[in-house]
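Inspection log for the structure reproduced underneath, given as C-alpha cells.
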Amino acid sequence: MAALCEAFTLCGLGPAGGVGLGSGLLALEPGPDPDHVLLTDRGRTATLFKVSDQKPLGCWSVKHGQIITCPVVCNFETHEYIAVHDDKVLRIWKDEDVNLDKVFKATLSADVYRIHSLPHAEPLVLFRGGGVRTLDVLLEAPQQEIENVISDEVIKWSEAFLEDQQPVLIFVTEKDGDFFVYVQKFKMNSLHKYKLERQESSNPLSFTAYIKKRIITLLCLYSSDSVYKVLIPLQQNSEEEEQTLSKSLLLNLSISGSVLKGTSFVVLDKDHVAVLGSLASSGEESKECLTIWNTKFQTLQTSKELPLGTSGQLWCYGEKFFFTHGKVLTVVIYKCETSSLAAAVGKLKDTQTSDVSSFVNWNTLGDEELAVSFESQQSVALKSESKMTLRSRKSTVAKVQPDTFTVGQFLLNIKDTSAAAIEDELMQLLSKAQVPDFQATIGCVITALINRCKTDPVFYPRNFLVQMVQKGELSYSLCPDLMAVALEKKDVHLLQICLQRFPDIPEEITYACLKVFLSISDDYLERTEVNLDSVICYIDIERNNKEFKTEVVENGFNTELEEVSCDVTGMKETNMTKDAKFCPVGPRKAALLNAVLHSAYSETFLLPHLKDLPAQQAVLFLRYLHYLYVKCSEKINITLPGILPPTINQIMDWMCLLLDAHFTVMVMLPEAKGLLSNMHKFVRAQVRFYSELNKIEGSLQELQKLKRQKDSQAYSIEVLELI
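Structure representation (C-alpha cells):
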C-alpha cells in the first residue's frame with residue numbers, strides 16, 4: 001500500500017525566488033544531514049536547504065561568467081561541499097566559507113560529467129570520457145591524464161553504490177540510437193561494458209538502479225510507456241567480450257484506457273516505483289501528475305495532479321519526493337507499506353483512514369467537485385475501517401454516514417446560504433461526532449467558503465474562520481487564499497492568529513501583513529478585536545494611553561549614566577533613550593507587530609519585499625523594535641513577560657534585516673538620524689557593560705571551582721582573595 005501525504009513548497013524557482021534558481025534547477029542532492037538537501041541551479045548557485053523548516057541554511061555562488069556544470073554534492077566523511085564549474089575547475093568548501101573565490105581550487109585535465117558521494121567512502125569523479133577517479137587520488141595530481149574509455153558515446157545517466165563496503169559505479173551511454181551500460185568495480189579494478197537490447201520505435205527516457213545480493217537491477221523507462229528491468233550480475237569473467245543485456249517488462253503505465261507518458265521515475269522499494277509524467281486519456285487533455293505504482297500487482301496505487309506543470313525531473317530522499325511545480329520546488333511526503341494483493345486493490349484492512357488532503361487539491365476544485373470528491377473519499381474511509389463485528393460495524397456506519405452526507409450537502413448549498421446560517425450549521429456539524437478526517441474536512445470547507453468570499457464581497461463568515469484557525473489544525477498550504485482574503489478585508493485579528501499558528505507562511509504574505517499593520521490607523525484598531533496577551537505585561541497604559549516610564553534597572557547599569565561616563569566631551573546625554581521610554585505605537589498595533597516578529601521567515605526571501613516598505617513605516621517599525629530591545633535589556637534574563645512575547649533574538653534579527661533593507665534611506669531621513677544615533681549609543685553602552693563583566697569572568701569561574709568546606713559550626717568567616 002502506498003499513499004501521497006503532506007505537500008509543501010520548499011522554495012521559489014523564479015527570479016523572485018531569491019535563491020538563485022531563476023535559471024532552473026540542475027539537480028538536487030542529499031545534504032550532510034538527513035533533513036538537508038543541496039540544490040544546484042543551471043547557472044552559478046548552490047543552496048543548502050533544511051527541508052523541515054523550508055529555509056535555506058547556506059548559499060554559494062561562483063563568479064559572473066562562470067557556470068556550475070555538474071551537481072554540487074556533499075562529502076559525507078568530511079562534511080565538505082564539492083562543485084565543478086566550467087567543466088574542469090574543482091571547488092571544495094565548508095559551511096563557514098562564504099566566498100568561493102577563496103576556497104580550495106583545482107583545475108583538472110578533463111571535463112567532469114558527475115561527482116558521486118557515498119557514505120563511508122571517497123567521492124567518485126566520473127569524467128565525460130568514461131574515466132573514473134576517487135577524489136583523494138585526483139587531488140594528489142589534479143593534472144593527471146584521464147583515460148578515454150568511450151568513443152563517440154555520450155553519457156546519459158550514472159549512479160554509484162556500495163557493495164561489500166566497496167564502491168561500484170554504473171553509467172549508461174548512447175551512440176547512434178544504441179545504448180551501452182558500463183559497470184566499474186573499484187575493488188577488482190575492472191570495467192565491464194554491455195549493450196542494451198534495442199527496441200524498435202522506442203527509446204529509454206530515464207534510468208534508475210539499485211543493487212542487492214551482488215546483482216544490479218537497472219530499470220529503464222521507455223517512450224513506449226513501459227518500464228523494463230535489466231539484471232546485471234557483478235560476478236563476471238573479465239575476459240568476456242561485450243554482452244547484450246536482455247530486458248523484461250516490469251510495468252505497463254496504462255490503466256482504464258489512460259496512458260501515463262512518463263518523463264522520470266524513482267524506485268521506492270522492491271514493489272513500488274514513482275513515475276512523473278502526463279496522464280493522457282482518449283478525447284481529453286493530458287494532465288501532468290505524480291503517480292505511485294505497484295510493480296508486483298501491476299496497479300496504480302495513488303496519484304496527484306500537478307496543474308501548474310513540471311520540468312519532468314523527480315528526486316526522492318528520505319521518504320520525500322522533490323519536483324518543480326510551476327515556479328516552485330514542491331516536496332511531497334509519501335509512505336509505502338508491505339505489498340499485498342489486498343493493499344494493491346484497495347481492500348487492505350486498516351484502522352487508519354486515508355488522508356483525504358493528500359489526494360485532493362482543494363484549491364483547484366469547484367464547489368460541486370469539492371462535495372463529490374469529499375463524499376467519495378469519505379466513503380472510501382468508511383469502507384477501509386476494520387470489521388470488528390457486524391454489529392459494531394453497522395453502528396459505526398450509522399453514526400458517521402449522516403454527518404458525512406450533511407457536510408457534502410452543505411458544500412453543494414454553500415452559494416445560497418447566509419454567513420450567520422453557515423456558521424451555525426458548521427459549528428453544529430463539527431461538534432456532533434468525531435469527523436473521520438478533521439483536517440481534510442476543514443480544509444475542504446474553508447476552501448469552499450473562501451471561494452464564495454471572492455465572488456460575494458458581502459459574504460464573510462469571520463467567526464467560523466477565526467475559530468478554525470485557533471484550533472491549530474490548519475496551515476497556509478492547506479488554505480492559501482485565506483490570508484489573502486483577510487488582507488483584503490483588513491481582518492487584522494484573523495491575520496494575527498494566522499501569523500501565530502501557521503508555520504509555512506510565505507515571506508510575501510508576511511510582508512503584506514506587516515505593511516497593513518503599520519499603515520492602519522490606531523482609531524480603526526480601537527474598534528477592532530486584537531489579542532493583547534503578548535504586550536499587556538510590559539506596556540503599562542495610562543488613562544491617556546501613554547506608557548509609564550519604567551525606572552527599574554535590573555541588569556546592573558543605566559544607559560544614561562553609562563553614556564555620561566564614556567562621553568569624551570563630558571556632556572550629559574539626557575535624551576539618549578528618549579525614543580525608547582515610551583512605546584511609539586499603541587498596544588493593539590504592538591500586538592499585531594509581535595505576531596509578525598514570531599512568523600518564520602528566510603532573510604533571503606524577505607529582504608527584497610522589505611525594501612518596498614515605505615520609509616515612514618520603516619522608521620516607525622524600527623522605533624518599535626528599538627523600544628523592545630531596550631525593554632529586553634532592562635531584564636536580567638533579557639526576556640519580556642507575557643504570553644508569546646518577542647524574544648531578544650527575534651528583535652535583533654528584524655532590526656538587522658530592516659537596517660539592511662533601508663539603511664541608505666534611514667541615513668537620509670532627518671527623523672531617523674536621531675533614532676540611529678540613539679541605537680548606536682545604547683548598543684555601545686551595553687558592549688561597554690558586558691566588557692566590564694568579562695574582566696571578572698575569570699574570578700567568577702575560580703569561585704565556582706572552590707569547594708565549600710564542611711563545617712559543623714554554626715558560624716564561620718572565610719576570606720577569599722580574587723587575583
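No gaps in the numbering here: position 167 of the sequence shown is 167 in UniProt numbering, and each next residue is one more. Glycine included, each C-beta is placed from N, C-alpha and C at the ideal position. A quick note: this is a predicted structure, and the numbers were derived from the prediction, not measured.
- The beta-carbon separation of Ala591 and Leu532, rounded to 5 Å, stays under the 8 Å limit for a contact.
- Ile442 sits in a helix when the DSSP states are folded into three classes.
- Using a Cβ distance threshold of 9 Å, Ile68 and Ser117 do not count as a contacting pair.
- When C-alpha distances from Leu499 are compared across Tyr601, His680, Ala420, the shortest belongs to Tyr601.
- Secondary structure within the region 130 to 187: the beta strand (DSSP E) runs of 3 or more consecutive residues, fully enclosed, are 132 to 134, 154 to 163, 166 to 175, 178 to 185 (chain order).
- For Thr664, the enclosing alpha helix (DSSP H) begins and ends at 648 to 668.
- Here His64 carries a coil assignment [DSSP, helix/strand/coil].
- When DSSP states are grouped into helix, strand and coil, Asn252 belongs to the strand group.
- Of the other Cβ atoms in all chains shown, 16 or more fall within 10 Å of the Cβ of Val62; this residue is therefore buried.
- Inclusion of Thr330 and Gln313 in the CB contact set at 9 Å is not warranted, their separation being larger than that value.
- Annotation for Val103: Arg91, Ile92, Trp93, Asp97 place their beta carbon closer than 7 Å to its own, counting only its chain and skipping 5 residues before and after.
- For Val125, the enclosing beta strand (DSSP E) stretches over residues 124 to 127.
- With the rule of 3 Cβ pairs closer than 8 Å, the region 218 to 228 counts as touching the region 242 to 257.
- The region 170 to 184 makes contact with the region 143 to 162; the number of CB pairs closer than 8 Å reaches 3 or more.
- The residue from Asp53, Leu28, Pro34, Val273 with its alpha-carbon nearest to that of Ala46 is Leu28.
- In the DSSP assignment, Glu473 falls outside any alpha helix (DSSP H) and carries neither an H nor an E.
- By the criterion of at least three beta-carbon pairs nearer than 8 Å, the region 680 to 691 is not in contact with the region 647 to 662.
- Boundaries of the beta strand (DSSP E) around Ser264: 258 to 269.
- Look at Leu499 here: in three-state DSSP terms it is helix.
- DSSP places His120 in the coil class of the three-state scheme, outside both helix and strand.
- For Cys11, the enclosing beta strand (DSSP E) starts and ends at 2 to 12.
- With 16 or more other CB atoms across the displayed protein chains lying within 10 angstroms of its CB, Gly586 is buried.
- Burial check for Ala421: the Cβ neighbour count within 10 Å stays below 16, so the residue is exposed.
- Under the DSSP assignment, Val585 falls outside any beta strand (DSSP E); it carries neither an H nor an E label.
- Setting aside the 5 residues that flank it on each side, Ser534 is surrounded in the same chain by Ala591, Asn594, Gly642, Ile643, Leu644, Pro645, each with a C-beta closer than 7 Å to its C-beta; the list follows chain order.
- Sixteen is the threshold: when 16 or more other Cβ atoms of the shown chains lie within 10 Å of the Cβ of Asp41, as they do, the residue is buried.
- DSSP, reduced to helix, strand and coil, places Tyr601 outside both helices and strands of the structure shown, so it counts as coil.
- With a threshold of 16 other beta carbon atoms within 10 Å, His64 falls short and is exposed.
- Note that the C-beta distance between Gln199 and Ser190 is not below 9 Å.
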